[in-house]
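Numbering (my numbering), first residue to last: 16 to 255.
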């Protein structure tokens, strides 16, 4: 951790350009999460995650925008019929026929003659709509693939962590039994050293499995864009 802080300090400076050494605060660590969501069907998890992806939301917004632009362009090439109802009143002195309120209704009908511009705008909007549709499909496919892979990796690291914990428990019992045999005079330093070394390797393997699991968990939260977890709003929330 100190080595990482030293490397980061080369680029982390205050307003005066003085090197700032970052300090690790326990509050910055990602809290333990409730992993009960792993029992949820994969398709349901993927559906929830796709709703949180900002890139997919942007593509859907562009789709809506291009559809509206296409409709506006198509309307410019269609005949137009307007119907108006309004009232008018003259104020001031004048003849009798100028007094009172007039209610007027009229209609107007127009047919556009030069519609090439409207057709061009409609074709342009339609082309952009098709393009963003393909882009959206690709984003969804890639997100589904990444989510499935991250879930597989997360479940695998969960199983490996449990295996490492069982191996550590066995190594601990064997080391304790060998120590009792050594104290009773039925063992020697060599066998005791072997058991203690195996215990150390099991502890290292256990922490490595825990690290791999936490990395897999962080990758899943990053891909699924669980904002409550990523922004630290909830310590035990399931992915949304």
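Think of the CB as a built atom: it goes at the ideal place given N, C-alpha and C, for glycine as much as any other residue.
**Report entry** Between the CA atoms of residue 222 and residue 141 - distance to the nearest angstrom
**Finding:** The alpha-carbon of residue 141 is positioned some 55 Å away from that of residue 222.
Query raised in the report: If you check the beta carbons only, do residue 232 and residue 169 fall under 9 Å apart?
Result: Yes.
Query raised in the report: Where do the N-terminal and C-terminal ends of the alpha helix (DSSP H) with residue 96 fall, by residue?
Result: Where residue 96 is concerned, there is no enclosing alpha helix (DSSP H), although the beta strand (DSSP E) it sits in stretches over 95–104.
Query raised in the report: Would you report the Cα separation of residue 77 and residue 148, rounded to the nearest angstrom?
Result: Rounded to the nearest whole angstrom, the CA to CA distance from residue 77 to residue 148 is 9 Å.
Requested in this report: Use the C-beta contact count for residue 30: other C-beta atoms within 10 angstroms, 16 or more gives buried, fewer gives exposed.
Outcome: Looking at its Cβ environment, which holds fewer than 16 other Cβ atoms inside 10 Å, residue 30 is exposed.
Query raised in the report: Cβ of residue 235 within 9 Å of Cβ of residue 162?
Result: The answer is yes: Cβ separation under 9 Å.
Query - Buried versus exposed call for residue 192 [16 or more other C-beta atoms within 10 Å across all chains shown] - result: Here residue 192 is exposed, its C-beta having fewer than 16 other C-beta atoms within 10 Å.
Query raised in the report: Ordered along the chain, which non-local residues of its own chain (more than five positions away) have a Cβ less than 6 Å from that of residue 165?
Result: Closer than 6 Å at the Cβ level, and outside the excluded window around residue 165, lie 234, 235 and 238.
Query raised in the report: Which one of 22, 84 and 105 has the shortest CA to CA distance from residue 135?
Result: Answer by Cα proximity: 84.
Query raised in the report: Taking the Cβ atom as the reference point for each residue, do residue 104 and residue 121 lie within a distance shorter than 9 Å?
Result: No. Outside cutoff.
Requested in this report: Kindly indicate which residue of 69, 206, 59 and 172 has the alpha-carbon position closest to the one of residue 154.
Outcome: If we check each option's Cα against that of residue 154, 69 comes out closest.
Report task. Could you tell me the distance, in whole angstroms, from the CA atom of residue 60 to the CA atom of residue 172? Result -> Rounded to whole angstroms, residue 60 to residue 172 spans 18 Å at the Cα level.
Query raised in the report: Where in the stretch 113–201 do unbroken runs of the alpha helix (DSSP H), each at least 4 residues long, occur, reported from the N-terminal end onward?
Result: Taken in chain order, the complete alpha helix (DSSP H) segments of 4 residues or longer contained in the stretch 113–201 are 131–199.
Report task. Would you list the one or two residues that DSSP bridges to residue 28? Result -> Beta-bridge pairing by DSSP links residue 28 to 34.
Query raised in the report: Taking 8 Å as the line, does the beta carbon of residue 203 fall inside it for any heavy atom of the ligand FAD?
Result: Absent from the structure shown: the ligand FAD. Ligands present: none.
Report task. Under 7 Å Cβ to Cβ from residue 206, same chain only, skipping five residues before and after it: list those, please. Result -> Sequence-distant Cβ neighbours of residue 206 in its own chain, meaning closer than 7 Å and more than five residues away, are 193.
Query raised in the report: If you draw a straight line from the alpha carbon of residue 255 to that of residue 156, how long is it in whole angstroms?
Result: Confidence at residue 255 is low in this model, with a pLDDT of 41, below 50, so its placement is unreliable and no value can be given for it.
Query - Collapsed DSSP secondary structure at residue 69 in the structure displayed - result: Judged by DSSP in its simplified three-state form, residue 69 adopts helix.
Query raised in the report: Grouping DSSP H, G and I as helix and E and B as strand, with all else coil, what is residue 58?
Result: If DSSP states are grouped into helix, strand and coil, residue 58 belongs with the helices.
Query raised in the report: Relative to the alpha-carbon of residue 139, which residue among 203, 67, 89 and 124 has its alpha-carbon at the smallest distance?
Result: Closest option to residue 139, Cα to Cα, is 89.
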